[in-house]
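S.K.:
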Amino acid sequence: MFASASDAAGPAVTDGPRAGRAAETTPGTDARRSRRIGLAMLVAGFAVFALLYAVQPVLPQFADQYGLGPGGASLAISAGTGGLAIGLIPLAVLSQAIGRRPVMIASVVAAVLIGAVVPLAGSFPMLITLRALQGLAVAGLASVAMAYLAEETRSAGLGAAIGLYVAGNSLGGMSGRLLTGVLADLTNWRIGLWAVTALAAACAVVFVLALPASSGPRPAPLRFAEVVGGLRAALTDPVLYGPYIVAALGTGGFVSLYNVLGFRLLEPPFLLAPAVVALVFLAYAIGSVSSATAGRAADRLGRPGVLIGGLGITLVGVLLTVPDHLAPILIGLGLLTGGFFAAHAVASGWVGSRASGRARTQAPALYLLAYYLGSSVGGAVGGVAYGRFGWTGLVVVVVGWLLLAAVAAMLAAVAQRRSTDRAQAPSLRPSAAR
Numbered sequence: 002m003f004a005s006a007s008d009a010a011g012p013a014v015t016d017g018p019r020a021g022r023a024a025e026t027t028p029g030t031d032a033r034r035s036r037r038i039g040l041a042m043l044v045a046g047f048a049v050f051a052l053l054y055a056v057q058p059v060l061p062q063f064a065d066q067y068g069l070g071p072g073g074a075s076l077a078i079s080a081g082t083g084g085l086a087i088g089l090i091p092l093a094v095l096s097q098a099i100g101r102r103p104v105m106i107a108s109v110v111a112a113v114l115i116g117a118v119v120p121l122a123g124s125f126p127m128l129i130t131l132r133a134l135q136g137l138a139v140a141g142l143a144s145v146a147m148a149y150l151a152e153e154t155r156s157a158g159l160g161a162a163i164g165l166y167v168a169g170n171s172l173g174g175m176s177g178r179l180l181t182g183v184l185a186d187l188t189n190w191r192i193g194l195w196a197v198t199a200l201a202a203a204c205a206v207v208f209v210l211a212l213p214a215s216s217g218p219r220p221a222p223l224r225f226a227e228v229v230g231g232l233r234a235a236l237t238d239p240v241l242y243g244p245y246i247v248a249a250l251g252t253g254g255f256v257s258l259y260n261v262l263g264f265r266l267l268e269p270p271f272l273l274a275p276a277v278v279a280l281v282f283l284a285y286a287i288g289s290v291s292s293a294t295a296g297r298a299a300d301r302l303g304r305p306g307v308l309i310g311g312l313g314i315t316l317v318g319v320l321l322t323v324p325d326h327l328a329p330i331l332i333g334l335g336l337l338t339g340g341f342f343a344a345h346a347v348a349s350g351w352v353g354s355r356a357s358g359r360a361r362t363q364a365p366a367l368y369l370l371a372y373y374l375g376s377s378v379g380g381a382v383g384g385v386a387y388g389r390f391g392w393t394g395l396v397v398v399v400v401g402w403l404l405l406a407a408v409a410a411m412l413a414a415v416a417q418r419r420s421t422d423r424a425q426a427p428s429l430r431p432s433a434a435r
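Following my numbering, the numbering of the sequence shown begins with 2 at its first residue and continues without gaps.
1) For residue 321, report the span of its alpha helix (DSSP H) as first-last.
2) Residue 266 and residue 256 - do their beta-carbons sit closer together than 8 Å?
3) Alpha carbon to alpha carbon, how far is residue 83 from residue 421? Give it in angstroms, no decimals.
4) To the nearest angstrom, how far is the alpha carbon of residue 436 from that of residue 282?
5) Assuming residue 134 contacts residue 115 (C-beta within less than 8 Å), just tell me the rounded distance between them.
6) With a 10 Å radius around its C-beta and 16 neighbouring C-beta atoms as the bar for buried, classify residue 264 as buried or exposed.
7) So residue 140 packs on residue 212, CB below 8 Å; how close in whole Å?
8) Below 8 Å, can you find three or more Cβ-Cβ pairs linking the region 285 to 299 to the region 406 to 416?
9) Taking just the CA atoms, how far does residue 100 sit from residue 219?
10) Return the Cβ separation of residue 344 and residue 247 in integer angstroms, given the expectation that the two are a contact with Cβ distance under 8 Å.
11) Is residue 292 helix, strand or coil when you go by DSSP?
12) Would you report the Cα separation of residue 54 and residue 252, rounded to the nearest angstrom?
13) Residue 162 to residue 66, Cα distance in whole Å?
14) Here's the rule I'm using: 16 or more other beta-carbon atoms within 10 Å means buried, otherwise exposed. How should residue 102 be labelled?
15) Please determine, among 76, 297 and 87, the residue with the shortest C-alpha to C-alpha distance to residue 382.
16) Identify, in the order they occur along the chain, each residue of the same chain with its Cβ nearer than 6 Å to the Cβ of residue 228, setting aside the five sequence neighbours on each side.
17) Apart from the five residues on each side of it in sequence, which residues of its chain come closer than 8 Å, Cβ to Cβ, to residue 296?
18) Please list the terminal residues of the continuous alpha helix (DSSP H) segment that includes residue 65.
19) At what residues does the alpha helix (DSSP H) containing residue 112 begin and finish?
20) Determine whether the beta carbon atoms of residue 387 and residue 374 lie at a separation below 8 Å.
21) Taking residue 265 as part of the alpha helix (DSSP H), name the residues at either end of that continuous run.
22) Give the straight-line distance between the Cα atoms of residue 236 and residue 138, rounded to the nearest whole angstrom.
23) Count the other CB atoms, across all protein chains shown, that sit within 10 Å of the CB of residue 238; report buried if there are 16 or more and exposed otherwise.
24) Do you know offhand how far residue 354's Cα is from residue 311's?
25) Rounded to whole angstroms, what is the Cα-Cα separation between residue 111 and residue 131?
26) Are there 16 or more other CB atoms within 10 angstroms of the CB of residue 105, so buried, or fewer, so exposed?
27) Please state whether the Cβ-Cβ distance between residue 306 and residue 340 is less than 8 Å.
28) Specify the secondary structure class of residue 271 as computed by DSSP and reduced to three states.
29) Cutting at 7 Å between CB atoms, please list the residues of its own chain near residue 398, excluding the five before and the five after it.
30) Let me know the secondary structure DSSP gives residue 91 once reduced to three states.
31) Going by alpha carbons, who is nearest to residue 243 out of 368, 423, 144 and 313?
32) Does residue 82 come out as helix, strand or coil in the three-state DSSP assignment?
33) Can you tell me which of the three DSSP states residue 188 falls into?
34) May I have the straight-line CA-CA distance separating residue 336 from residue 225, to the nearest angstrom?
35) Under the rule that 16 or more other beta-carbon atoms within 10 Å means buried, what is residue 357, buried or exposed?
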């Protein structure tokens, strides 16, 4: 997914011998090593994404304590995802020079250490600063994980290893939200965040101990001409703009709805307890199922149609949350969560299959950049929209974003069809010349 790198701890000692022994490993050894890597990446993904999203259920508490509206409180999420977005490409490039393994280890450890300090923030600006630094730390894992897995597991269980990593991301995000939300109701938000940090620290220890030394390529000097060329290729393919826009607008709408849902359910006519409100994040489990299902459907039916279908389901789910009745809200929440993760899975897969040559490294990074910038900016804008116009106003904004995302997907499909037709069309110039 990103530029080549490996373990930086003594390249002449670590990588050379392991690379020389790579051909001697048996299939059983490769499989065991892949399972070990998969376990390590599972707990790493769990740790960092639990930390990244742990503050989402306590945004109403931030608003009460610091005298903020929903838009201001949502900056606690936007700062983390914004820091992540900023760090994606620089840390991916850095991994070329020092190796993916050390970048990932430093990422997880730094995210945990910062997480231990976040509850000590004496002011909201300080909390926002720490959250931005934490997001920057998480970027070290997010930017290189897929490429690391592709290099280290090769064909021995690559799909399973990637599946474990993605599952760790999803389970971590859901568990961090649930644990913080429940404990914040029973005690306070600081205790909730410390509990998530303690859980993430345990995962970090397992990750560092389980992750084997690298057997991939040695770190190489940075070649900025190649980086710039890859970015140019990823930015000049019109087909890729569709997935990029879907990532930005879809994620912005999804995150903004979840950011302010707690505010709505704590107020009349619902008046739910914060611990009960935290349970709505169980809907994320639907996304784990829908993303895998959508990926298989895209292989059979084509990505554009499945992507637009996922966006359509998301839109229906958003509209179902408008009435002030808990049953349609919960049904809508399930639909919008399942639809969004289905669209995200198909869009990211589209980027991976479309990007080639130099763009193969930078295009996925740009997709993640759009994804997390959408989360950061869209989440903040959605919070402001809710504060000024209420839930219905926010729904109007999100529906508009989803419609634009669907149009972008359609235009990308047209661009891809034209590109395919040009590639398959026989050249008529030689016969014309004769």
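No residue lacks a Cβ here, since even glycine has one placed at the ideal position from N, Cα and C. Keep in mind it's a predicted model, so treat the numbers as computed, not measured.
M.R.: If we stick to the structure as given:
1) Mapped onto the sequence shown, residue 321 falls at position 320. First-last of the alpha helix (DSSP H) with residue 321: 304 to 321.
2) Counting from one through the sequence shown, the residue named residue 256 turns up at place 255. Counting from one through the sequence shown, the residue named residue 266 turns up at place 265. Not closer than 8 Å, so no.
3) To locate residue 421, count along the sequence shown from 1; it is residue 420. To locate residue 83, count along the sequence shown from 1; it is residue 82. C-alpha separation (whole angstroms): 36 Å.
4) The displayed coordinates of the chain run from 2 to 435. Any statement about residue 436 would go beyond what the structure contains.
5) Here residue 134 refers to the residue found at position 133 when the sequence shown is read from its first residue. Here residue 115 refers to the residue found at position 114 when the sequence shown is read from its first residue. Indeed they touch by this definition, with Cβ atoms about 6 Å apart.
6) For the purposes of this step, residue 264 is taken as residue 263 along the sequence shown, with counting starting at 1. So residue 264 counts as buried.
7) Numbered from its first residue, the sequence shown carries residue 140 at position 139. Numbered from its first residue, the sequence shown carries residue 212 at position 211. Residue 140 to residue 212, Cβ: 18 Å. No contact.
8) no
9) Within the sequence shown, residue 219 is the residue found at index 218, counting from 1. Within the sequence shown, residue 100 is the residue found at index 99, counting from 1. Cα-Cα distance, rounded: 7 Å.
10) Translated into the one-based positions of the sequence shown, residue 344 becomes position 343. Translated into the one-based positions of the sequence shown, residue 247 becomes position 246. That belief holds up - the Cβ atoms of residue 344 and residue 247 are roughly 6 Å apart, short of 8 Å.
11) Here residue 292 is taken as the residue at index 291 of the sequence shown, counted from 1. Of the three classes helix, strand and coil, the one that applies to residue 292 here is helix, per DSSP.
12) Within the sequence shown, residue 54 is the residue found at index 53, counting from 1. Within the sequence shown, residue 252 is the residue found at index 251, counting from 1. Cα to Cα, the separation comes out at about 14 Å.
13) As a working mapping, residue 162 is identified with position 161 in the sequence shown. As a working mapping, residue 66 is identified with position 65 in the sequence shown. Taking the straight line from one Cα to the other gives about 42 Å.
14) Mapped onto the sequence shown, residue 102 falls at position 101. Buried, by the Cβ-count rule.
15) One-based indexing of the sequence shown puts residue 382 at position 381. Here the closest residue by C-alpha is 76.
16) Residue numbering aside, residue 228 sits at position 227 when the sequence shown is read from its first letter. Correct list, in chain order: 94.
17) The residue you call residue 296 lines up with position 295 of the sequence shown. Excluding positions up to five away in sequence, the list reads 346, 347 and 350.
18) Within the sequence shown, numbered from 1, the residue matching residue 65 stands at position 64. Following the DSSP letters along the chain, one finds residue 65 inside the alpha helix (DSSP H) bounded by residues 60 to 67.
19) As a first step, residue 112 is located in the sequence shown; it is residue number 111 there, counting from the start. Residue 112 -> alpha helix (DSSP H) spans 101 to 118.
20) In the sequence shown, the residue the question calls residue 387 occupies position 386. In the sequence shown, the residue the question calls residue 374 occupies position 373. No; because the gap between Cβ atoms is not below 8 Å, this pair is not in contact.
21) Working through the sequence shown from its first residue, we reach residue 265 at position 264. From DSSP, the alpha helix (DSSP H) with residue 265 extends over 239 to 267.
22) Here residue 236 is taken as the residue at index 235 of the sequence shown, counted from 1. Here residue 138 is taken as the residue at index 137 of the sequence shown, counted from 1. Roughly 26 Å separates the two Cα atoms.
23) For the purposes of this step, residue 238 is taken as the residue at position 237 of the sequence shown. Burial call: buried.
24) The sequence position of residue 354 within the sequence shown is 353, counting from 1. The sequence position of residue 311 within the sequence shown is 310, counting from 1. The straight-line gap from Cα to Cα measures roughly 19 Å.
25) On the sequence shown, residue 111 is found 110 positions in, with the first residue counted as 1. On the sequence shown, residue 131 is found 130 positions in, with the first residue counted as 1. Rounded to whole angstroms, residue 111 to residue 131 spans 11 Å at the Cα level.
26) Indexing the sequence shown from 1 puts residue 105 at position 104. Flag for residue 105 reads buried.
27) Here residue 306 refers to the residue found at position 305 when the sequence shown is read from its first residue. Here residue 340 refers to the residue found at position 339 when the sequence shown is read from its first residue. No, Cβ-Cβ distance for residue 306 and residue 340 is not below 8 Å.
28) By one-based count along the sequence shown, residue 271 stands at place 270. In this structure, residue 271 counts as coil in the three-state DSSP scheme.
29) Position 397 of the sequence shown holds residue 398. Only 383 and 386 meet the Cβ criterion.
30) As a working note, residue 91 is residue 90 in the sequence shown. Note: residue 91 maps to helix in three-state DSSP.
31) Counting from 1 along the sequence shown, the entry for residue 243 is found at position 242. Minimum Cα distance to residue 243 is reached at 368.
32) Translated into positions along the sequence shown, residue 82 becomes position 81. DSSP places residue 82 in helix when its eight states are reduced to three.
33) If you number the sequence shown from 1, residue 188 lands on position 187. Correct three-state label for residue 188: coil.
34) For the purposes of this step, residue 336 is taken as the residue at position 335 of the sequence shown. For the purposes of this step, residue 225 is taken as the residue at position 224 of the sequence shown. Going from the Cα of residue 336 to the Cα of residue 225 covers about 43 Å.
35) Residue mapping note: residue 357 aligns to position 356 of the sequence shown, counting from 1. With fewer than 16 Cβ atoms within 10 Å of its Cβ, residue 357 is classed as exposed.
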